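Written below as structure tokens is the structure these notes are about.
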Amino acid sequence: MVRVIVGANWGDEGKGKITDMLAEHSDLVVRFQGGANAGHTIINEFGKFALHLLPSGIFHPQVLNVIGPGVALDPEAFLSELESILARGIRHPKLAVSSRAQILMDFHILLDTLEEERLGGRKFGSTKSGIAPFYSDKYAKTGIQACELLDRDHLHERLTNSLEKKNVLMEHLYRHEALDAQLLTEKYYALGQRLKPFLADTSAILNDAVKAGKKILLEGQLGALRDPDHGIYPFTTSSSPLAGFAAVGAGIPPWAITEVIAVTKAYSSSVGAGVFPSMIMGDEAEELRRRGGDAGEYGAKTGRPRDVGWFDAVATRYGCLVQGATSLAMTNLDVLGYLDEIPVCVAYELDGNIIRHFPVTPDLKRVKPVYEALPGWKTDIRGETAYNKLPRECREYVETVQRLVGTPITILSTGPRREEICWRI
Ligand code: GDP
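Residues 965 to 1389 (the working numbering) are what the sequence shown spells out, left to right.
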């Protein structure tokens, strides 16, 4: 059984909790794209953790956690996240990192930061984790794979070639001192030695696991609307967070994927720049932001306040479509218990016409949300695990959303903790 967990919206849908919960019953948990630029919040018996690069299976000693070749691997971030987990008393997790994973280097972070500064008001809301410069290097074939860190001379040569162009930008566009290939070679060679025990041919491991019928969980980051091809370009990320890419970024046969679980919140939230039609403002937003998530809606990576809004059925239907979702998990349902009425965005108005499809970015910027108000349940449902014990209005909310989105909602999350979950099958 191979399951993929992905975001149906802008990211931060609560995938970490769902992944952590399903990881308990998995043999392997795999990261297939992105880097340390987003964060999952996981709350379990060991405490609260914000994971950035480590797969969510690290709390379960039986799970082999895999970082696939599609991931942007910052070796320092990886090693320090691992150390911080161990320092909190978690048993050393089983970990395998693809030898083909590319290395996110200090200068990617520096370039990202300098570029956001240069762009000023025109910036794209980067987390300044170096993701865009990293993937630019990867596709320009000037990136460096983890396996290349192990040969000092080879590494020096590759870095020298890569820095030739970068140093022109550094000195003449950003007015920054040039980067030194020798210093970088020493630093990353040393990091390569520390990474070496984790490096493996993860595609071979995964293909063997598929053949052996193991339970594999592929863990996506961000959400469908951040996909560079299908999302709200250019307010997207630089690698595909789609389930379809999971096969590539992990190194697993596409036909092996049996289930695609898209995750959405019971309302909407988005961190970073971009277009968000059902966003709300003022006191109404402040209240939802304060009540959302486990400690308010603030980015797990950046601490930035997230934009919040009502559930957007148009965006989520589209998100499920591009993800190829076979089912939907809805998180943060407990958060809405304070409202008399809950607006749901059922369509958009574009230039006087009602549309139900998710348009291209220039049109999306002009749409106005069309709301339908559903009755609230005015009850604290936190921790409820039985669907039929939820208030009638709450079940109607879930069923209306399911009808609007057209994907079965099989998992409802009623609180941030692992056990606060309600299955609907
Ligand atoms: P991810 O990147 O998709 O894993 O999402 P995040 O972890 O960044 O954001 C989800 C937030 O919602 C975190 O603060 C979680 O602890 C919290 N969360 C997840 N599920 C629930 C839920 O059902 N109820 C509440 N109140 N918080 C939840």
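Cβ coordinates follow ideal geometry from the N, Cα and C atoms, glycine included. None of these values were measured; they are calculated from a predicted model.
Taking the CB atoms as reference points, tell me whether residue 1305 and residue 1337 lie closer together than 7 Å.
Walking along the sequence shown from the start, residue 1305 turns up at place 341. Walking along the sequence shown from the start, residue 1337 turns up at place 373. Yes, these two residues count as a Cβ contact at 7 Å.
State the CB to CB distance for the pair residue 1067 and residue 1113, rounded to an integer number of angstroms; the pair is presumed to be in contact (CB under 8 Å).
Taking the first residue of the sequence shown as 1, we reach residue 1067 at position 103. Taking the first residue of the sequence shown as 1, we reach residue 1113 at position 149. At roughly 7 Å, the Cβ-Cβ gap stays under 8 Å, so residue 1067 and residue 1113 are in contact.
Where does the unbroken beta strand (DSSP E) through residue 1007 begin, and where does it stop?
On the sequence shown, residue 1007 is found 43 positions in, with the first residue counted as 1. Taken as a continuous stretch (DSSP letters only), the beta strand (DSSP E) holding residue 1007 covers 1004 to 1008.
Determine, using beta carbons only, whether residue 1211 and residue 1284 come nearer to each other than 7 Å.
On the sequence shown, position 247 is the one that residue 1211 refers to. On the sequence shown, position 320 is the one that residue 1284 refers to. Cβ atoms of residue 1211 and residue 1284: not closer than 7 Å.
Could you spell out where the beta strand (DSSP E) holding residue 995 opens and where it closes?
Here residue 995 corresponds to residue number 31 of the sequence shown, with the count starting at 1. 992 to 995 is the extent of the beta strand (DSSP E) around residue 995.
Considering only the alpha carbon of each residue, which of 1116, 1070, 1279, 1118 lies closest to residue 1096?
Within the sequence shown, residue 1096 is the residue found at index 132, counting from 1. The option with the nearest alpha carbon to residue 1096 is 1070.
Which value, in whole angstroms, describes the spacing of the CA atoms of residue 1302 and residue 1335?
As a position in the sequence shown, residue 1302 is number 338, starting the count at 1. As a position in the sequence shown, residue 1335 is number 371, starting the count at 1. Spanning the two alpha carbons is a distance of roughly 19 Å.
Taking the alpha carbon of residue 1036 as the reference point, which residue from 1098, 991, 1232, 1267 has its own alpha carbon closest?
Taking the first residue of the sequence shown as position 1, residue 1036 is located at position 72. Nearest of 1098, 991, 1232, 1267 to residue 1036, Cα basis: 1098.
Out of 1326, 1377, 1057, which one is the CA nearest neighbour of residue 1350?
Residue mapping note: residue 1350 aligns to position 386 of the sequence shown, counting from 1. Answer by Cα proximity: 1377.
So residue 981 and residue 1184 are supposed to be a Cβ contact under 8 Å. How far apart are they, rounded?
Sequence index remark: in the sequence shown, residue 981 carries index 17 (1-based). Sequence index remark: in the sequence shown, residue 1184 carries index 220 (1-based). About 14 Å; that fails the 8 Å criterion.
DSSP three-state call for residue 1339: helix, strand or coil?
Residue numbering aside, residue 1339 sits at position 375 when the sequence shown is read from its first letter. Of the three classes helix, strand and coil, the one that applies to residue 1339 here is strand, per DSSP.
Take residue 1328 and list the residues in its own chain whose beta-carbon comes closer than 6 Å to its own, dropping the five residues that flank it on each side.
In the sequence shown, residue 1328 corresponds to position 364, counting from 1. Cβ within range, chain order: 1239.
At what residue ranges does the segment 1208 to 1286 contain a whole run of the alpha helix (DSSP H), taking only runs of 4 or more?
Taking 4 residues as the shortest admissible run, the segment 1208 to 1286 contains the following complete alpha helix (DSSP H) segments, listed from N- to C-terminal end: 1246 to 1255.
With DSSP as the reference, label residue 1139 as helix, strand or coil.
Position 175 of the sequence shown holds residue 1139. In the displayed model, residue 1139 falls within coil according to three-state DSSP, outside both helix and strand.
Check the C-beta distance from residue 990 over to residue 1031 and give it rounded, since I have them as a contact under 8 Å.
Position 26 of the sequence shown holds residue 990. Position 67 of the sequence shown holds residue 1031. Not really, about 15 Å apart at Cβ, beyond 8 Å.
Can you tell me where the alpha helix (DSSP H) with residue 1358 in it begins and where it stops?
By one-based count along the sequence shown, residue 1358 stands at place 394. 1356 to 1369 is the span of the alpha helix (DSSP H), which, as asked, contains residue 1358.
Under the three-state reduction of DSSP, which class applies to residue 1382: helix, strand or coil?
Taking the first residue of the sequence shown as 1, we reach residue 1382 at position 418. DSSP, read as helix, strand or coil, puts residue 1382 in coil.
Going by the C-beta, is residue 924 closer than 6 Å to any heavy atom of the ligand GDP?
In the structure displayed, the chain extends from 965 to 1389; residue 924 sits before or after that span and is not available.
Using a 10 Å radius around the Cβ and a threshold of 16 neighbouring Cβ atoms, would you call residue 1232 buried or exposed?
Translated into the one-based positions of the sequence shown, residue 1232 becomes position 268. Under this definition residue 1232 is a buried residue.
From which residue to which residue does the beta strand (DSSP E) around residue 1029 run?
As a position in the sequence shown, residue 1029 is number 65, starting the count at 1. For residue 1029, the enclosing beta strand (DSSP E) begins and ends at 1028 to 1031.
Where does residue 1325 fall in DSSP's three states?
By 1-based counting over the sequence shown, the position of residue 1325 is 361. In this structure, residue 1325 counts as helix in the three-state DSSP scheme.
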